[in-house]
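J.:
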Amino acid sequence: MATYILKRLLQTVIVLWGVSLVTFVLMNVVPGDPVLLMLEKRATPEAVERIRHEMGLDRPKTTQYFDFVSKAARLDLGRSYFTKEPVMTALTRRFGVTLRLASSAYAIALLLGISAGVASALQRGGAFDSLVRGGAVIGISAPVFWVAIILQMSFGLRLGWFPISGIRSDWSFVLPAIALGIRYMASISRVTRTSMLEVISQDYIRTARAKGLAERVVILKHALKNALIPIITLAGSELGNLLAGSMLTEWVFAIPGIGKLMVDSILMRDLPMLQGTVLYIAVVFVLSNLTVDISYAFIDPRIRYLKGD
Amino acid sequence: MSDTVRKDSAPLSGLTGEQEPKFPEQVDGSSRKSGGFLADSAERLFENRLVVASAVVLLVLSILAVFAPLLAPYDPAGQVLSDSLQGPRANHLLGTDEMGRDILSRIIYGTRISLSVGIVSQLIACVIGVLLGSIAGFYGGLTDTVISRSIEIFSAFPELLFAIGIMFVLGPGVINVFIALGLLSWTSYARLVRGQVMQLREMEYTQACIVCGGSNARIIVRHLLPNCFSTIIVLVTLGIPGAILTEASLSYIGLGVQPPTASWGQMISTAQQYISFYPFYSIAPGVAIIITVLAFNIFGDGLRDALDPRLRV
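Heads up: the protein sequence lines correspond to chains A and B, in order.
When you line the first sequence up against this note's numbering, it's residues 8 to 316, in that order.
When you line the second sequence up against this note's numbering, it's residues 247 to 559, in that order.
1) Find the residues of chain B that neighbour Gly124 of chain A, judging by a C-beta separation of less than 7 Å, and give them in chain order.
2) How about Gly85 of chain A and Val94 of chain A: do their beta carbons lie closer than 7 Å?
3) Tell whether a beta-carbon distance below 7 Å holds between Leu407 of chain B and Ile288 of chain A.
4) Rounding to the nearest angstrom, what Cα-Cα distance links Ile456 of chain B and Pro237 of chain A in this structure?
5) Identify every run of the alpha helix (DSSP H) within the segment 295-371 of chain B, keeping only runs that are complete inside it and at least 4 residues long; order them along the chain.
6) Run the CB neighbour count on Cys372 of chain B, radius 10 Å, all protein chains shown included, and call it buried at 16 or more, exposed below.
7) Roughly how many angstroms separate the alpha carbons of Gly356 of chain B and Ser509 of chain B, rounded to a whole number?
8) Please look up how many angstroms separate the CB atoms of Leu98 of chain A and Thr284 of chain A, rounded, as I've assumed it's under 8 Å.
9) Excluding sequence positions up to five away, which residues of its chain have a Cβ less than 8 Å from the Cβ of Ser302 of chain A?
10) So what's Pro93 of chain A in DSSP terms, helix, strand or just coil?
11) Suppose contacts are defined by Cβ-Cβ distances below 7 Å. Is Val363 of chain B in contact with Gly346 of chain B by that definition?
12) Quick one: what's got a C-beta closer than 6 Å to Phe305 of chain A's C-beta in the same chain, skipping five residues either side?
13) First and last residue of the alpha helix (DSSP H) that includes His60 of chain A?
14) Opposite Arg86 of chain A in the DSSP bridges: which residues?
15) So with Cβ pairs under 7 Å, would you call Asn294 of chain B a contact of chain A?
16) The alpha helix (DSSP H) spanning Phe400 of chain B covers which residue range?
17) At least one CB of chain B closer than 7 Å to the CB of Met160 of chain A: is that the case?
18) Would DSSP call Lys228 of chain A helix, strand or coil?
19) Would Asp316 of chain A count as contacting chain B if we go by Cβ distances under 7 Å?
20) Helix, strand or coil, according to DSSP, for Ala221 of chain A in the structure here?
21) Which residues bound the alpha helix (DSSP H) around Pro170 of chain A?
22) So what does DSSP say about Glu205 of chain A, is it helix, strand or coil?
23) So what's Pro270 of chain B in DSSP terms, helix, strand or just coil?
24) Of the choices B:Gly502, B:Pro319, B:Leu481 and B:Gln518, whose alpha-carbon is the least far from that of Val259 of chain A?
25) What in chain A is Cβ-close to Pro525 of chain B, meaning under 7 Å?
26) State the DSSP-derived secondary structure class of Asp554 of chain B, mapped to helix, strand or coil.
27) Could you tell me which chain A residues have their CB closer than 9 Å to the CB of Arg395 of chain B, listed as they occur along the chain?
28) Report yes or no: is there a C-beta of chain A within less than 7 Å of the C-beta of Gly532 of chain B?
29) Please classify Cys474 of chain B as buried or exposed, where buried requires at least 16 neighbouring CB atoms within 10 angstroms.
30) Quick one: is Gln518 of chain B near chain A, going by C-beta distance under 7 Å?
31) Check Leu64 of chain A in the structure and name its three-state DSSP category.
32) Can you give me the Cβ contacts of Met317 of chain A inside the same chain, cut-off strictly under 7 Å, excluding the 5 residues immediately before and after it?
33) As a quick exercise: from A:Gly120, A:Gly132 and A:Arg216, pick the residue whose alpha carbon is nearest that of Arg197 of chain A.
34) Rounded C-beta distance between Ile145 of chain A and Ile479 of chain B? I'm assuming under 8 Å.
35) Using only CA atoms, which one of A:Val125, A:Arg101 and A:Ala155 lies nearest to Thr199 of chain A?
36) Using the three-state DSSP reduction, which class does Leu129 of chain A fall into: helix, strand or coil?
If you want it as structure tokens, here you go:
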């Protein structure tokens, strides 16, 4: 077990290093001079040169990269070109909003996805099963931003039940969370259904029923518990995607989270902010995958034996 | 990346004899005969009515894309400003947009973008992924380590984020969308092909080839990759809908296909300004995306079940 965790940690360090390299390279091959973007057109060549020197942009790329990595490791991601705010401060402030949106969406997806999946597995071939399966396929085929717009249009504008933009109250999170959650709800219900069907046909479930346990106990305690492993895997690996996927939802609903920050910084060509956001999201993604893998090893002992050698 | 998960879900071996049981010829010749791998798979594929329906939808979409200039009732760029933002009517079945262009015609032209982005990007991803995956799986050792770590690094970025990053660097445009989405999805090809090649490499027929003095390139191309063929076909089919969705997202935030080229994502983006009084404009291109992606998803699932059930998650 310890060897496995150690191996995964080492792997994560290598991946994180690669992520920093890819991010740095991407941001450095962007066409257009960042200094000219920052300054107005009438800046003198001397002023441009001075700023370039102050920002360290006249040094060799390798030096710049090592500087970027060592600063990033100390959580210093530079300052925004426009607001001059440290990137890390902006990220931490907005991460809370994104986290709130993502966790609400996640809760909706898990709760409804698992219940729908279990129910449809129990009534295999029935009307509800077809409904869930059909709904799930449509759910994973619809673009997130379009679902968001449709919800905004119907429940926000037409019916006026929920706010359609900004975050003035808790109600503001309802529509975005549903828009973001639907896709994951769909994939979770599919996996739950498959996994439940597999478990239900096993001998120990027949034994549990034969010894006279209530059907509810058989399903919830005996079947679902074992069916959870693939669901947890999926839910865990989707967590990072959910954080990234909130980008479009935040953009549609004008929610000031990380995703909107990123799209904004693209439109304003705010390189340090963009670089910081990309790095931040990627790191969150990598770490959440690491957590999933390690917790997976705790949940399913077979992994420990297979990988712990 | 979630190493454990991926490895566990990878197929355990290539297409070997035991997966495709050859039926002994029936004596009376009346019942089902084996018509070889392709015929058998096709038969299994089209047993499912849903799959047949999705194949028909895909065929119709392809015809629309190829013959768009003949089938579209209007020029997708033809502006009639006096006719702007009109709801569905007899002469404009899906209404007109803010510049008086026919929405139906723009949606028909949009199939060209969506289908070509889906197919071309997956072919690019497939070439990169199969090449690197087979090299990693065949040679092992340091080569494998370097390629495997690169796969992990490239999949460490959430898809859309990575696509946005590349599009930001390359600038908008259809060709750049092809490249960005290709660079985005090669890892899943590489991962699966690597796994299969590793297993096939240890099989006796491969060892026999090595003993007979077959060159490495020949062994990979002639003997190993054909056995990965079904996996690759399934991955391409199931990769296309994802690419179409990502293209729509990119065009929606303005980093993908640029106006005046008609793209569904970008139509939704424009339509958003008018949702309060003209919701139909937003709905139509979204439905087009759903139908296309749905058809590919269903067809891809069917193809996977028919060709290589072990890819099922």
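Each residue gets a CB set at the ideal place from its N, CA and C atoms; glycine is no exception.
None of the values given here were measured: they were computed from a predicted structure.
T.: According to the data block:
1) Correct list: empty, because the minimum Cβ distance to chain B is about 14 Å.
2) yes
3) yes
4) If you take the alpha carbons of Ile456 of chain B and Pro237 of chain A, they lie about 39 Å apart.
5) Taking 4 residues as the shortest admissible run, the segment 295-371 of chain B contains the following complete alpha helix (DSSP H) segments, listed from N- to C-terminal end: 295-312 and 314-317.
6) buried
7) 5 Å
8) 7 Å
9) Cβ neighbours of Ser302 of chain A beyond the five flanking positions: Ile239 and Gly243.
10) strand
11) no
12) none
13) His60 of chain A -> alpha helix (DSSP H) spans Pro52 to Glu61.
14) A:Pro93
15) no
16) Its alpha helix (DSSP H) spans residues Gly387 to Phe400.
17) yes
18) Lys228 of chain A: helix per DSSP, three-state reduction.
19) Residue placement at Asp316 of chain A is poorly supported in this model, since its pLDDT is 39, which falls under 50; the coordinates are not used for a value here.
20) coil
21) Counting along the chain, Pro170 of chain A falls outside any alpha helix (DSSP H), and DSSP gives it neither H nor E.
22) helix
23) With a pLDDT of only 44 at Pro270 of chain B, under the threshold of 50, the placement of this residue in the model should not be trusted, and no figure is reported.
24) For the residues B:Gly502, B:Pro319, B:Leu481 and B:Gln518, the minimum Cα distance to Val259 of chain A belongs to B:Gln518.
25) At a C-beta separation below 7 Å, Pro525 of chain B has these neighbours in chain A: Met160.
26) coil
27) Gln18, Ile21, Val22 and Gly25
28) Yes, its Cβ sits closer than 7 Å to a Cβ of chain A.
29) buried
30) yes
31) coil
32) Within the shown structure, residues of chain A are numbered from 8 to 316, placing residue 317 of chain A beyond reach of any answer.
33) Considering only alpha carbons, the answer is A:Gly120.
34) With a Cβ gap of about 25 Å, Ile145 of chain A and Ile479 of chain B do not count as contacting.
35) A:Val125
36) helix
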